[in-house]
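Asker:
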Amino acid sequence: MSKHLRASVEKQKQYYINLLIDTGVFKLKDQQLHEYTLTELETEYKRIAHMQKLEKATSS
Numbered sequence: 001m002s003k004h005l006r007a008s009v010e011k012q013k014q015y016y017i018n019l020l021i022d023t024g025v026f027k028l029k030d031q032q033l034h035e036y037t038l039t040e041l042e043t044e045y046k047r048i049a050h051m052q053k054l055e056k057a058t059s060s
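Just so we're aligned: 32 in the UniProt record's numbering is position 32 of the sequence shown, and the numbers increase by one with no gaps anywhere.
If you want it as structure tokens, here you go:
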């Protein structure tokens with residue numbers, strides 16, 4: 001069971017890493033993205049996505 005859980009977490013981490021890369025983020029605070037936890041990656045992506053949404057709203 002732990003192998004399946006680990007694989008699932010790694011898959012989710014890769015998903016958020018890809019989203020961050022798509023937004024132009026390759027490192028956070030001088031650390032590579034793969035060094036962060038799933039929770040840290042998810043939080044950072046949500047923060048960046050929210051900022052981009054605000055920028056679009058103010059530029060319209």
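A virtual CB, placed ideally from N, CA and C, is assigned to each residue, including glycine.
#1: Check whether the region 13-24 touches the region 37-46, counting contact only when three or more Cβ pairs, one atom from each stretch, lie closer than 8 angstroms.
#2: Using CA atoms only, rank isn't needed, just tell me which of Val25, Val9, His4 is closest to Tyr45.
#3: For my contact list, Leu20 and Leu33 are in at a C-beta cut-off of 8 angstroms; report their separation, rounded to the angstrom.
#4: Grouping DSSP H, G and I as helix and E and B as strand, with all else coil, what is Lys27?
Answerer: With the given structure in hand:
#1: yes
#2: Val25
#3: 6 angstroms
#4: strand
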